[in-house]
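Following: one structure in C-alpha coordinates, then a few remarks.
So, in C-alpha coordinates, the structure goes:
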(Lines of atoms letter the chains of each structure in order from A and count residues from 1; the text may use other names and numbers.)
(Lines give C-alpha, C1' and ligand atoms only; values in the text may rest on other atoms or scores of the structure.)
Protein backbone atom coordinates (compact mmCIF):
# COMPACT_ATOMS: atom_id res chain seq x y z
CA UNK A 1 0.00 0.00 0.00
CA UNK A 2 1.21 3.49 -0.80
CA UNK A 3 0.63 4.73 2.74
CA UNK A 4 2.42 1.69 4.25
CA UNK A 5 5.62 1.43 2.19
CA UNK A 6 7.33 -0.65 4.89
CA UNK A 7 4.62 -3.27 5.32
CA UNK A 8 6.39 -6.58 5.99
CA UNK A 9 9.69 -5.00 6.98
CA UNK A 10 11.32 -5.38 10.41
CA UNK A 11 13.77 -2.80 11.74
CA UNK A 12 16.09 -2.67 14.74
CA UNK A 13 17.06 0.83 15.87
CA UNK A 14 19.58 1.62 18.60
CA UNK A 15 19.55 4.68 20.83
CA UNK A 16 15.74 4.66 20.69
CA UNK A 17 15.12 5.49 24.34
CA UNK A 18 15.47 9.26 24.32
CA UNK A 19 12.47 11.40 25.18
CA UNK A 20 13.29 13.87 22.38
CA UNK A 21 15.77 12.18 20.11
CA UNK A 22 16.29 11.14 16.53
CA UNK A 23 15.94 7.49 17.48
CA UNK A 24 12.44 8.06 18.81
CA UNK A 25 11.37 9.98 15.69
CA UNK A 26 12.77 7.37 13.32
CA UNK A 27 11.14 4.53 15.26
CA UNK A 28 7.74 6.22 15.14
CA UNK A 29 8.11 6.99 11.44
CA UNK A 30 8.97 3.38 10.63
CA UNK A 31 6.02 2.07 12.66
CA UNK A 32 3.67 4.54 11.01
CA UNK A 33 4.92 3.39 7.60
CA UNK A 34 4.00 -0.21 8.41
CA UNK A 35 7.24 -1.67 9.74
CA UNK A 36 7.60 -3.68 12.91
CA UNK A 37 10.33 -2.09 15.02
CA UNK A 38 12.64 -3.25 17.80
CA UNK A 39 13.76 -0.28 19.90
CA UNK A 40 17.06 -0.78 21.73
CA UNK A 41 18.48 1.38 24.50
CA UNK A 42 20.04 1.24 27.96
CA UNK A 43 17.23 3.43 29.37
CA UNK A 44 14.49 0.92 30.13
CA UNK A 45 11.97 3.40 31.50
CA UNK A 46 11.98 5.80 28.57
CA UNK A 47 12.26 2.90 26.14
CA UNK A 48 8.91 1.60 27.38
CA UNK A 49 7.34 5.02 26.80
CA UNK A 50 8.59 5.16 23.23
CA UNK A 51 7.40 1.61 22.54
CA UNK A 52 3.96 2.56 23.83
CA UNK A 53 3.97 5.57 21.49
CA UNK A 54 4.94 3.28 18.59
CA UNK A 55 2.03 1.00 19.45
CA UNK A 56 -0.26 4.01 19.22
CA UNK A 57 0.72 4.69 15.60
CA UNK A 58 1.43 1.18 14.35
CA UNK A 59 -0.63 -1.24 16.43
CA UNK A 60 0.04 -3.30 19.53
CA UNK A 61 2.28 -5.85 17.82
CA UNK A 62 4.46 -3.41 15.89
CA UNK A 63 7.16 -2.61 18.47
CA UNK A 64 9.45 -4.48 20.82
CA UNK A 65 11.67 -3.03 23.58
CA UNK A 66 15.21 -4.39 23.95
CA UNK A 67 17.27 -3.18 26.89
CA UNK A 68 20.95 -3.52 26.09
CA UNK A 69 24.20 -1.79 25.27
CA UNK A 70 25.47 -1.60 21.70
CA UNK A 71 29.09 -1.92 22.82
CA UNK A 72 28.44 -5.40 24.19
CA UNK A 73 28.85 -8.24 21.70
CA UNK A 74 26.52 -10.39 23.78
CA UNK A 75 23.85 -7.66 23.80
CA UNK A 76 24.24 -7.06 20.05
CA UNK A 77 23.72 -10.75 19.27
CA UNK A 78 20.81 -10.96 21.72
CA UNK A 79 19.16 -7.88 20.19
CA UNK A 80 19.28 -9.43 16.73
CA UNK A 81 17.99 -12.82 17.90
CA UNK A 82 15.19 -11.25 19.99
CA UNK A 83 14.14 -9.07 17.05
CA UNK A 84 13.94 -12.05 14.69
CA UNK A 85 12.12 -14.19 17.25
CA UNK A 86 9.76 -11.46 18.46
CA UNK A 87 8.96 -9.64 15.24
CA UNK A 88 9.41 -12.34 12.64
CA UNK A 89 12.53 -11.17 10.83
CA UNK A 90 15.11 -8.44 10.40
CA UNK A 91 15.62 -6.22 7.38
CA UNK A 92 16.92 -2.89 8.65
CA UNK A 93 19.52 -1.98 11.29
CA UNK A 94 19.80 1.70 12.21
CA UNK A 95 22.89 2.51 14.27
CA UNK A 96 21.72 5.66 16.01
CA UNK A 97 23.02 5.14 19.57
CA UNK A 98 25.76 7.51 20.64
CA UNK A 99 27.26 9.45 23.50
CA UNK A 100 28.06 13.16 23.12
CA UNK A 101 31.11 15.00 24.30
CA UNK A 102 32.37 18.52 23.83
CA UNK A 103 35.29 19.24 26.12
CA UNK A 104 37.11 22.57 26.16
CA UNK A 105 40.88 22.65 26.24
CA UNK A 106 43.51 20.39 24.75
CA UNK A 107 43.36 16.66 24.27
CA UNK A 108 45.86 16.33 27.12
CA UNK A 109 43.03 17.36 29.45
CA UNK A 110 40.62 14.73 28.16
CA UNK A 111 40.13 11.88 30.65
CA UNK A 112 41.21 8.65 28.94
CA UNK A 113 38.07 6.86 30.14
CA UNK A 114 35.91 9.43 28.32
CA UNK A 115 37.79 8.77 25.07
CA UNK A 116 37.48 5.01 25.49
CA UNK A 117 33.75 5.22 26.28
CA UNK A 118 32.96 7.42 23.26
CA UNK A 119 34.82 5.11 20.87
CA UNK A 120 33.26 2.07 22.51
CA UNK A 121 29.67 3.27 21.96
CA UNK A 122 29.96 5.44 18.84
CA UNK A 123 32.40 3.31 16.84
CA UNK A 124 32.47 -0.22 18.26
CA UNK A 125 28.68 -0.24 18.72
CA UNK A 126 27.81 0.18 15.02
CA UNK A 127 30.32 -2.51 14.07
CA UNK A 128 28.97 -4.99 16.62
CA UNK A 129 25.34 -4.39 15.66
CA UNK A 130 26.04 -4.67 11.93
CA UNK A 131 28.24 -7.72 12.50
CA UNK A 132 25.50 -9.42 14.51
CA UNK A 133 22.88 -8.80 11.80
CA UNK A 134 24.78 -9.23 8.57
CA UNK A 135 24.64 -13.03 8.37
CA UNK A 136 20.84 -12.98 8.46
CA UNK A 137 20.66 -10.13 5.93
CA UNK A 138 23.05 -11.75 3.46
CA UNK A 139 21.24 -15.06 3.71
CA UNK A 140 17.90 -13.45 2.84
CA UNK A 141 19.51 -11.35 0.09
CA UNK A 142 18.10 -8.02 1.30
CA UNK A 143 18.97 -5.59 4.05
CA UNK A 144 19.70 -2.07 5.13
CA UNK A 145 22.44 -0.79 7.42
CA UNK A 146 22.04 2.89 8.24
CA UNK A 147 24.60 4.81 10.30
CA UNK A 148 23.85 8.12 11.99
CA UNK A 149 27.13 10.06 11.96
CA UNK A 150 27.74 13.81 11.91
CA UNK A 151 29.05 16.68 9.79
CA UNK A 152 32.68 16.99 8.67
CA UNK A 153 32.94 20.20 10.70
CA UNK A 154 32.09 18.32 13.90
CA UNK A 155 34.38 15.43 13.03
CA UNK A 156 37.42 17.71 12.91
CA UNK A 157 36.72 19.93 15.91
CA UNK A 158 35.07 17.90 18.67
CA UNK A 159 36.92 15.41 20.88
CA UNK A 160 36.22 12.56 21.33
CA UNK A 161 32.87 12.65 19.52
CA UNK A 162 34.30 13.74 16.16
CA UNK A 163 36.83 10.94 15.69
CA UNK A 164 34.32 8.35 16.88
CA UNK A 165 31.79 9.44 14.27
CA UNK A 166 34.38 9.77 11.49
CA UNK A 167 35.33 6.14 12.13
CA UNK A 168 31.66 5.18 11.92
CA UNK A 169 31.29 6.95 8.57
CA UNK A 170 34.45 5.31 7.23
CA UNK A 171 33.04 1.94 8.29
CA UNK A 172 29.84 2.60 6.31
CA UNK A 173 31.80 3.59 3.19
CA UNK A 174 33.92 0.43 3.37
CA UNK A 175 31.12 -2.06 4.02
CA UNK A 176 28.97 -0.52 1.28
CA UNK A 177 31.65 -1.63 -1.19
CA UNK A 178 32.09 -5.03 0.44
CA UNK A 179 28.33 -5.69 0.30
CA UNK A 180 27.89 -4.54 -3.29
CA UNK A 181 25.71 -7.01 -5.17
CA UNK A 182 24.51 -8.79 -2.02
CA UNK A 183 21.17 -6.98 -1.78
CA UNK A 184 22.33 -5.33 1.46
CA UNK A 185 23.05 -1.61 1.37
CA UNK A 186 24.90 0.67 3.78
CA UNK A 187 24.25 4.40 4.01
CA UNK A 188 24.70 7.36 6.34
CA UNK A 189 21.87 9.60 7.52
CA UNK A 190 22.53 12.82 9.43
CA UNK A 191 20.27 15.72 10.41
CA UNK A 192 22.60 18.32 8.91
CA UNK A 193 23.52 20.52 11.86
CA UNK A 194 22.87 21.19 15.52
CA UNK A 195 19.69 19.32 16.43
CA UNK A 196 17.22 19.77 19.25
CA UNK A 197 17.86 16.55 21.18
CA UNK A 198 19.04 15.62 24.64
CA UNK A 199 22.60 16.02 23.34
CA UNK A 200 22.05 19.76 23.76
CA UNK A 201 22.89 20.53 27.39
CA UNK A 202 20.80 22.76 29.65
CA UNK A 203 23.77 25.14 29.77
CA UNK A 204 23.53 25.77 26.01
CA UNK A 205 22.17 29.28 25.48
CA UNK A 206 20.89 28.70 21.94
CA UNK A 207 17.17 28.94 21.27
CA UNK A 208 16.10 25.33 20.73
CA UNK A 209 13.40 26.44 18.29
CA UNK A 210 16.12 27.65 15.91
CA UNK A 211 17.86 24.26 15.83
CA UNK A 212 17.07 21.43 13.44
CA UNK A 213 14.21 19.40 14.86
CA UNK A 214 14.68 15.60 15.02
CA UNK A 215 11.48 15.07 13.04
CA UNK A 216 13.52 15.78 9.87
CA UNK A 217 14.88 12.23 10.11
CA UNK A 218 11.45 10.69 9.53
CA UNK A 219 10.95 10.95 5.76
CA UNK A 220 14.45 9.95 4.62
CA UNK A 221 14.69 6.95 6.97
CA UNK A 222 11.38 5.59 5.69
CA UNK A 223 12.66 5.90 2.12
CA UNK A 224 16.03 4.32 2.93
CA UNK A 225 14.26 1.37 4.57
CA UNK A 226 11.95 0.82 1.60
CA UNK A 227 12.27 -1.18 -1.60
CA UNK A 228 12.46 2.13 -3.47
CA UNK A 229 16.00 2.57 -2.15
CA UNK A 230 17.28 -0.65 -3.73
CA UNK A 231 20.70 0.07 -5.23
CA UNK A 232 21.33 3.22 -3.19
CA UNK A 233 24.44 2.48 -1.16
CA UNK A 234 27.55 4.21 0.13
CA UNK A 235 25.71 7.53 0.38
CA UNK A 236 25.39 10.15 3.09
CA UNK A 237 21.98 11.79 3.17
CA UNK A 238 21.37 15.10 4.93
CA UNK A 239 17.87 14.92 6.37
CA UNK A 240 17.31 18.67 6.61
CA UNK A 241 17.83 18.91 2.83
CA UNK A 242 15.41 16.07 2.04
CA UNK A 243 12.43 17.51 0.16
CA UNK A 244 9.75 14.85 -0.23
CA UNK A 245 7.89 17.01 -2.75
CA UNK A 246 10.66 16.53 -5.32
CA UNK A 247 11.12 13.52 -7.62
CA UNK A 248 13.57 11.09 -6.05
CA UNK A 249 16.39 11.95 -8.45
CA UNK A 250 16.17 15.63 -7.52
CA UNK A 251 15.78 14.73 -3.84
CA UNK A 252 19.01 12.76 -3.88
CA UNK A 253 20.82 15.42 -5.88
CA UNK A 254 19.93 18.01 -3.23
CA UNK A 255 20.46 15.90 -0.11
CA UNK A 256 22.95 13.13 -0.87
CA UNK A 257 26.64 12.68 -1.59
CA UNK A 258 29.11 9.80 -1.31
CA UNK A 259 29.81 8.75 2.29
CA UNK A 260 33.19 9.63 3.83
CA UNK A 261 34.13 12.27 1.22
CA UNK A 262 35.95 9.98 -1.25
CA UNK A 263 36.42 12.96 -3.57
CA UNK A 264 39.07 14.22 -1.15
CA UNK A 265 41.12 11.05 -1.47
CA UNK A 266 43.43 9.91 -4.22
CA UNK A 267 41.92 8.53 -7.44
CA UNK A 268 41.28 4.81 -7.19
CA UNK A 269 44.00 4.06 -9.75
CA UNK A 270 46.60 5.61 -7.43
CA UNK A 271 45.49 3.86 -4.27
CA UNK A 272 47.30 0.93 -2.81
CA UNK A 273 45.76 -1.85 -0.74
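Numbering (the working numbering), first residue to last: 1325 to 1597.
All residues carry an ideal CB built from backbone N, CA and C; glycine is no exception.
Under 8 Å between C-beta atoms of residue i and residue j
i            : j            : result
residue 1354 : residue 1545 : yes
residue 1548 : residue 1468 : yes
residue 1449 : residue 1338 : yes
residue 1284 : residue 1410 : The chain is shown only over 1325 to 1597; residue 1284 falls outside these bounds and no answer can be derived.
residue 1447 : residue 1492 : yes
residue 1363 : residue 1400 : no
residue 1336 : residue 1404 : yes
residue 1517 : residue 1475 : yes
residue 1489 : residue 1416 : no
Cβ neighbours of residue i in the same chain (closer than 7 Å, five flanking residues each side left out)
i            : result
residue 1397 : 1452
residue 1372 : 1389
residue 1543 : 1566 and 1568
residue 1328 : 1357 and 1358
residue 1494 : 1584
Residues near residue i by beta carbon distance below 6 Å, same chain, minus five either side
i            : result
residue 1507 : 1465 and 1466
residue 1541 : 1346, 1349, 1350 and 1563
residue 1444 : 1395
residue 1496 : 1471, 1510, 1512 and 1583
residue 1406 : 1390
Run of the alpha helix (DSSP H) containing residue i, from where it starts to where it stops
i            : result
residue 1543 : 1542 to 1548
residue 1354 : 1346 to 1356
residue 1572 : 1572 to 1579
residue 1371 : 1368 to 1382
residue 1440 : 1436 to 1443
Where residue i falls, given that 16 or more other Cβ within 10 Å makes a residue buried
i            : result
residue 1515 : buried
residue 1566 : buried
residue 1593 : Its pLDDT being 49, under 50, residue 1593 is placed unreliably by the model, and the measurement read from it follows with that caveat. Exposed, since its Cβ has fewer than 16 Cβ neighbours within 10 Å.
residue 1579 : buried
residue 1590 : exposed
residue 1368 : exposed
residue 1477 : exposed
residue 1588 : exposed
residue 1458 : buried
residue 1536 : buried
residue 1430 : exposed
Spatial neighbours of residue i in its chain, beta-carbon cut-off 8 Å, leaving aside the 5 residues before and after
i            : result
residue 1330 : 1354, 1357, 1358, 1359, 1546, 1549 and 1550
residue 1501 : 1558
residue 1432 : none
Residue interval of the beta strand (DSSP E) (run including residue i)
i            : result
residue 1394 : Per DSSP, residue 1394 belongs to no beta strand (DSSP E) and is neither H nor E.
**OP:** Check whether the stretch 1433 to 1440 touches the stretch 1473 to 1493, taking contact to mean three or more Cβ pairs, one atom from each stretch, closer than 8 Å.
**Re:** yes
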